[in-house]
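Participant:
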């Protein structure tokens with residue numbers, strides 16, 4: 463029956479026998495993009511400018527000076543403090559699938575010669591959820607930046623706190639913010655880069671308290687989902703609610719920056735705030 467036929471993808475049909483990961487369909491404009499072309503455009507749709515998820519290590523390569531990144535605390539990975547069913551198996555599966563030990567990669571680097579510490583979250587690891595290891599690695603990166611007089615840059619992409627670690631996950635909100643407070647007392651800058659999506663406990667803690675808050679176009683920024691907020695407030699939500707553009711209009715973010723312009727924008731601001739190494 464015709465009603466059960468799968469609609470063709472825009473941009474032409476795939477040839478039989480081609481690998482499944484050779485093409486990516488843009489969920490915003492339905493364009494069919496060759497994976498190599500998408501990678502060359504930094505995972506941004508060349509047709510409509512939609513910003514796809516970017517793996518943490520590719521993000522670091524995009525931001526940091528070549529060969530300047532020095533990873534820290536790579537060996538940390540989550541335990542199972544609450545005895546949550548099947549949690550260790552899920553962590554092992556994520557580690558094998560993503561080649562990461564947890565949902566954030568941290569380290570030292572330079573950006574246009576300026577010394578920084580980087581903490582880049584990766585949504586592909588457990589939806590970027592913040593557990594004890596994520597909070598600990600980000601806190602250590604902030605403390606290193608404070609000790610070594612570096613700017614701290616945190617790139618957020620998260621579904622929020624990790625429920626499998628309960629209260630221990632929520633404690634990371636206070637821990638990271640405490641470290642950032644000491645960083646501010648040392649008169650050192652903190653750049654918060656919000657990418658799609660930035661939600662939950664990450665939004666409610668370190669992601670929205672940067673000295674400079676930058677966001678990628680169209681990314682979702684919020685605490686709870688729109689449906690939950692609508693059911694709680696019993697009100698219709700404004701158009702574009704929880705988008706970067708809405709947050710810019712209402713003062714939560716300072717600027718929306720295309721991915722290709724993010725590194726030069728950070729370097730430009732750092733030139734006003736930091737001495738070169």
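Numbering (the working numbering), first residue to last: 463 to 739. Each residue gets a CB set at the ideal place from its N, CA and C atoms; glycine is no exception.
1. Secondary structure at residue 533, three-state DSSP: helix, strand or coil?
2. If the criterion is Cβ atoms closer than 8 Å, does the pair residue 666 and residue 715 meet it?
3. For the region 677-690 against the region 714-731, are there 3 or more C-beta pairs whose distance is under 8 Å?
4. So if DSSP puts residue 577 in a beta bridge, which residue, or which two residues, is it bridged to?
5. Can you round the beta-carbon distance between residue 670 and residue 621 to whole angstroms, since I take them to be within the 8 Å contact cut?
6. Apart from the five residues just before and just after residue 623, which ones in its own chain have a Cβ nearer than 7 Å to its Cβ?
7. Could you tell me how far apart the beta carbons of residue 564 and residue 587 are, in whole angstroms, since I believe they sit closer than 8 Å?
8. Name the DSSP beta bridge partners of residue 486, please?
9. Smallest Cα separation from residue 674: which of 555, 627, 616?
10. May I ask you to report which of helix, strand or coil DSSP gives residue 687?
11. What three-state label does DSSP hand residue 643 in the structure shown?
12. Using C-beta distances below 6 Å, list every residue in its chain close to residue 530, excluding the 5 sequence neighbours before and after it, in chain order.
13. Helix or strand or just coil, what does DSSP make of residue 525?
14. Quick check on the DSSP output: the alpha helix (DSSP H) that includes residue 619 runs from which residue to which?
15. If you count every other CB in all the chains shown that lies within 10 Å of the CB of residue 699, and 16 or more means buried, which is it?
16. Does the distance from the CB of residue 597 to the CB of residue 580 come in under 8 Å?
17. Please report the distance separating the alpha-carbon of residue 683 from that of residue 708.
18. In angstroms with no decimal places, state the Cα-to-Cα distance between residue 538 and residue 595.
19. Just verifying my parser: in three-state terms, what is the DSSP assignment at residue 648?
20. Label residue 555 either buried or exposed according to how many other C-beta atoms from any shown protein chain fall within 10 Å of its C-beta, with 16 as the threshold for buried.
21. Is the beta carbon of residue 605 closer than 8 Å to that of residue 641?
22. Measuring CB to CB, does residue 619 end up less than 8 Å from residue 645?
23. Report the rounded CA-to-CA distance for residue 574 versus residue 601, giving the unit in angstroms.
24. In the DSSP assignment, what are the bridge partners of residue 675?
Facilitator: Based on what the coordinates show:
1. Position 71 of the chain shown holds residue 533. Residue state, collapsed to three classes: strand.
2. For this step, residue 666 is matched to residue 204 along the chain shown. For this step, residue 715 is matched to residue 253 along the chain shown. Their beta carbons are not under 8 Å apart, which means residue 666 does not touch residue 715 by this criterion.
3. Output reads yes: the region 714-731 touches the region 677-690.
4. One-based indexing of the chain shown puts residue 577 at position 115. Beta-bridge pairing links residue 577 to 572.
5. Numbered from 1 along the chain shown, position 208 holds the residue referred to as residue 670. Numbered from 1 along the chain shown, position 159 holds the residue referred to as residue 621. Going by Cβ atoms, the distance from residue 670 to residue 621 rounds to 16 Å, so no, they are not a contact pair.
6. Within the chain shown, residue 623 is the residue found at index 161, counting from 1. Hits under 7 Å: 591, 592, 631, 632, 662, 663.
7. Reading the chain shown from its first residue, position 102 is the one you call residue 564. Reading the chain shown from its first residue, position 125 is the one you call residue 587. Indeed they touch by this definition, with Cβ atoms about 6 Å apart.
8. Position 24 of the chain shown, counting from 1, holds the residue named residue 486. Paired residue(s): 495.
9. Here residue 674 refers to the residue found at position 212 when the chain shown is read from its first residue. Selected option, being the one with the closest Cα: 616.
10. Position 225 of the chain shown, counting from 1, holds the residue named residue 687. In this structure, residue 687 counts as coil in the three-state DSSP scheme.
11. Looking up residue 643 in the chain shown gives position 181. Of the three classes helix, strand and coil, the one that applies to residue 643 here is helix, per DSSP.
12. Position 68 of the chain shown holds residue 530. Same-chain partners within the cutoff: 571, 572.
13. Here the question's residue 525 lines up with position 63 in the chain shown. Looking at residue 525 - three-state DSSP - the assignment turns out to be helix.
14. Your numbering for residue 619 matches position 157 in the chain shown. Counting along the chain, residue 619 sits inside no alpha helix (DSSP H); it lies in the beta strand (DSSP E) bounded by residues 613-620.
15. Mapped onto the chain shown, residue 699 falls at position 237. Exposed, by the Cβ-count rule.
16. As a working note, residue 597 is residue 135 in the chain shown. As a working note, residue 580 is residue 118 in the chain shown. Not closer than 8 Å, so no.
17. In the chain shown, counting from the first residue as 1, residue 683 sits at position 221. In the chain shown, counting from the first residue as 1, residue 708 sits at position 246. If I take the Cα positions, the gap works out to 9 Å.
18. Locating residue 538 in the chain shown gives position 76, counting from the first residue. Locating residue 595 in the chain shown gives position 133, counting from the first residue. Taking the straight line joining both Cα atoms gives about 7 Å.
19. Your numbering for residue 648 matches position 186 in the chain shown. Coil.
20. For the purposes of this step, residue 555 is taken as the residue at position 93 of the chain shown. Result: exposed.
21. Counting from one through the chain shown, the residue named residue 641 turns up at place 179. Counting from one through the chain shown, the residue named residue 605 turns up at place 143. Closer than 8 Å, so yes.
22. Reading the chain shown from its first residue, position 157 is the one you call residue 619. Reading the chain shown from its first residue, position 183 is the one you call residue 645. Note that the C-beta distance between residue 619 and residue 645 is not below 8 Å.
23. For the purposes of this step, residue 574 is identified with residue 112 of the chain shown, where counting begins at 1. For the purposes of this step, residue 601 is identified with residue 139 of the chain shown, where counting begins at 1. If I take the Cα positions, the gap works out to 24 Å.
24. On the chain shown, residue 675 is found 213 positions in, with the first residue counted as 1. Note: residue 675 sits in a beta bridge opposite 654.
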